[in-house]
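First the structure, in the form of structure tokens, and then the observations on it.
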Amino acid sequence: MTSLEDRNNREGLRAWLNPSRYGWERISYWLQRLTGVGLLGYFIGHIYETSSLTRGPDAWQAMLSLTQTPLGHMILILVIGMSTYHSVNGIRLIFAHGGKGLGKPGRPDYPYDAVSLNYRQRSGIWVALILAAVAMLYGAMVLFGED
Amino acid sequence: MEQVKVAEQSDAKHTEKAHKQEKETLRSSVTLRVFRANRKTSEHAHFDTIEVPVQRWTTVLDALLYAKSYKDSSIGIRYSCRMASCGSCGMKINGIPRLACYTKVSELSGSSITIEPLSNFPHIRDLVTDFTQFFKHHHDVKPYILGDDPVAPANSGQGAEGETYTENIQTPEDVDKYLQFSYCIKCGLCYSACPTVATDTKFPGPQALAQAYRYTADTRDADTKSRLNVLDDRHGIWRCHFAGSCSSVCPKGVDPALGIQLLRGHLLGFSKNENRVAEKKRKTLDLL
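The listed protein sequences correspond, in order, to chains C and L. Offset between the first sequence (1-based) and the numbering used here: plus 34. Offset between the second sequence (1-based) and the numbering used here: plus 19.
Here it is, written out as structure tokens:
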């Protein structure tokens with residue numbers, strides 16, 4: 035007899051990595067996770083970078099020079115975008131998780147549009163995306179504009 | 020005026036539906052790619068390609084039943100009512116969980132339709148999945164009215180052995196707070212679409228959590244705390260991250276994501292306790 039686990043049909047990480055099937059909220063969920071993991075990676079790298087201070091000014095300058103390259107600037111611009119999106123969308127999620135801005139339960143009528151996936155809370159996703167793009171643009175102007 | 024407004028809204032919805040119908044893809048036949056595997060006999064999973072004739076009104080279930088009747092009688096399908104009431108024929112159609120009886124072939128684009136069993140449910144055979152765990156999660160959230168003894172010292176009808184019974188009075192507004200969640204047909208589409216369920220077997224899933232809200236919001240329920248204790252767990256309601264996929268696939272307008280967020284708002288103290296409000300109302304009525 036095959037056990038229940040052997041017949042497991044769970045999507046696993048594939049469910050996280052394919053956000054295209056279910057609409058804006060799923061894309062926002064995917065981006066929130068992706069930016070979260072990205073920021074964690076940056077945080078670890080940042081701790082490693084600043085820890086070079088303990089090895090003296092020369093080590094610190096050598097480490098700093100690594101970020102003063104086009105690739106280093108691109109990574110920083112990405113970090114600006116990730117942190118902006120993660121913060122703004124996080125604020126939207128704090129309200130949504132408390133049931134705010136999602137509408138009220140009622141009597142469903144065909145074609146059964148979900149109240150919680152309304153334009154008001156969905157616009158929060160678009161605002162987060164637009165602000166992230168603006169922040170990245172400003173970051174690019176500052177980092178690449180000084181040359 | 021109110022009736023006119025409702026009629027106008029209804030007209031707008033029907034117009035929207037008519038626009039959707041314009042997107043129909045009309046064809047005389049369609050190719051079904053049906054997932055085939057029998058896990059019990061360790062049969063190798065593969066897709067069978069079956070050509071079936073279709074009409075404008077043919078549903079995916081109709082097409083599958085045609086294939087089963089005239090092309091390959093061994094296809095394993097579970098279905099019952101054929102009218103989106105029983106929730107038996109849930110399956111992944113072109114990658115999205117849908118009811119086969121509620122999905123017309125003409126509303127799907129492309130020359131072939133890929134049909135697979137629901138994800139996140141243990142697979143049995145072909146398009147049939149095991150709902151044991153799903154129903155266990157549903158059962159665990161105590162989906163019934165808790166605690167309140169119907170016997171009460173009220174001036175209503177007499178019960179057995181001289182006990183008096185009282186009605187659980189609810190206003191239409193009280194009913195509206197939970198009614199939409201009671202339309203759940205337990206088809207499992209939301210459970211299949213949920214990304215948290217995909218990675219956490221202990222997570223109750225959107226269906227069970229929405230039902231927990233349905234009974235928590237019911238003013239007749241008198242023991243909300245014991246139900247919330249089940250959900251207030253690291254694998255419980257806090258694992259929902261509002262991906263909204265459950266609500267986008269729900270065929271009955273239950274909107275599980277709304278129920279989950281409202282329940283979480285209740286746990287976080289964002290919303291007022293509906294039961295206490297109802298209790299106050301009842302006491303005021305008793306005094307009057």
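Just so it is clear, CB atoms sit at the ideal spot from N, CA and C, and this is done for glycine as well.
Environment of C:Gly79 [buried if 16+ CB atoms lie within 10 Å]: exposed
Residues from the region 60-84 of chain C in contact with chain L, defined by Cβ distance under 7 Å: Arg60 and Tyr63
Distance between C:Asn152 and L:Arg258 (C-alpha atoms, nearest Å): Distance from the CA of L:Arg258 to the CA of C:Asn152, rounded to the nearest whole angstrom, comes to 22 Å.
Per DSSP, cross-strand counterpart(s) of L:Phe54: L:Phe66
Cβ of L:Asn57 within 8 Å of any chain C Cβ: no
Beta strand (DSSP E) segment containing L:Pro191, residue limits: Secondary structure note for L:Pro191: it is in no beta strand (DSSP E), and the uninterrupted alpha helix (DSSP H) holding it is Pro191 to Asp195.
N-terminal and C-terminal residue of the beta strand (DSSP E) that L:Thr118 is part of: Checking the sequence, you will find Leu at residue 118 of chain L rather than Thr. Note, L:Leu118: beta strand (DSSP E), Ile115 to Leu118.
DSSP three-state assignment for L:Ile164, whether helix, strand or coil: coil
L:Lys196 at chain C interface by Cβ criterion, 8 Å: yes
CB contact below 8 Å: L:Arg283 versus chain C: yes
Alpha-carbon spacing of C:Ile61 relative to C:Asn123, whole angstroms: So the alpha carbons of these two residues sit roughly 12 Å apart.
Coarse secondary structure for L:Ser131, derived from DSSP in three states: In the structure shown, L:Ser131 sits in a strand (DSSP, three-state: E or B).
The region 146-177 of chain C: positions lying closer than 7 Å to chain L by Cβ: Residues of the region 146-177 of chain C whose Cβ lies closer than 7 Å to any Cβ of chain L, in chain order: Tyr146, Ala148, Val149, Ser150 and Leu151.
Residue(s) in a DSSP beta bridge with L:Pro72: L:Ser48, per the DSSP bridge assignment.
Option nearest L:Pro311 by Cα separation, candidates L:Cys203, L:Asp252 and L:Gly109: What the structure shows of chain L is the stretch from 20 to 307, and residue 311 of chain L is not part of that stretch, so it cannot be assessed.
Close-in-space but distant-in-sequence residues of the same chain around L:Ser131 (CB under 8 Å, 5 per side omitted): Closer than 8 Å at Cβ, skipping near neighbours: Val49, Thr50, Leu51, Arg52 and Thr68.
Sub-8 Å separation of L:His254 and L:Lys221 beta-carbons: It is a contact, given that the beta carbons lie within the stated cut-off.
Between the CA atoms of C:Asp143 and L:Ile204 - distance to the nearest angstrom: Counting only the Cα atoms, C:Asp143 lies some 16 Å from L:Ile204.
Beta carbon proximity, L:Thr190 to chain C, threshold 8 Å: no
Residues from the region 267-279 of chain L in contact with chain C, defined by Cβ distance under 8 Å: Ser267, Val268, Cys269, Pro270, Lys271, Gly272, Val273, Asp274, Ala276, Leu277 and Gly278
DSSP three-state assignment for L:Arg144, whether helix, strand or coil: Note: L:Arg144 maps to strand in three-state DSSP.
Which listed residue (C:His107, C:Val71 and C:Gly46) has its alpha carbon closest to that of C:Gly119: Looking at the sequence provided, one finds Tyr at residue 119 of chain C rather than Gly. Considering only alpha carbons, the answer is C:Val71.
Expected contact under 8 Å - CB spacing of C:Gly135 and C:Gln155 to nearest Å: Between C:Gly135 and C:Gln155, the beta carbon gap of about 5 Å places them in contact (Cβ cut-off 8 Å).
Proximal residues of chain L, C-beta to C-beta of C:His131 below 7 Å: Phe261, Gln280 and Arg283
From L:Thr148, L:Ser290, L:Pro191 and L:Lys271, residue whose alpha carbon lies closest to that of L:Ser104: L:Lys271
Three-state secondary structure assigned by DSSP to C:Met97: helix
The region 223-234 of chain L: positions lying closer than 8 Å to chain C by Cβ: Answer in chain order: no residues at all.
L:Asn139: contacting residues in chain C (beta-carbon distance under 7 Å): Within 7 Å Cβ-Cβ: Asn43, Arg44 and Glu45.
Straight-line gap, L:Ile143 to C:Met175 (C-alpha atoms, nearest Å): 57 Å
Buried/exposed call for L:His157, threshold 16 Cβ in 10 Å: buried
Partner residues on chain C for L:Phe289, Cβ-Cβ distance less than 8 Å: Gly132, Gly133 and Lys134
Residues that DSSP places opposite L:Lys111 in a beta bridge: L:Pro116 and L:Glu135
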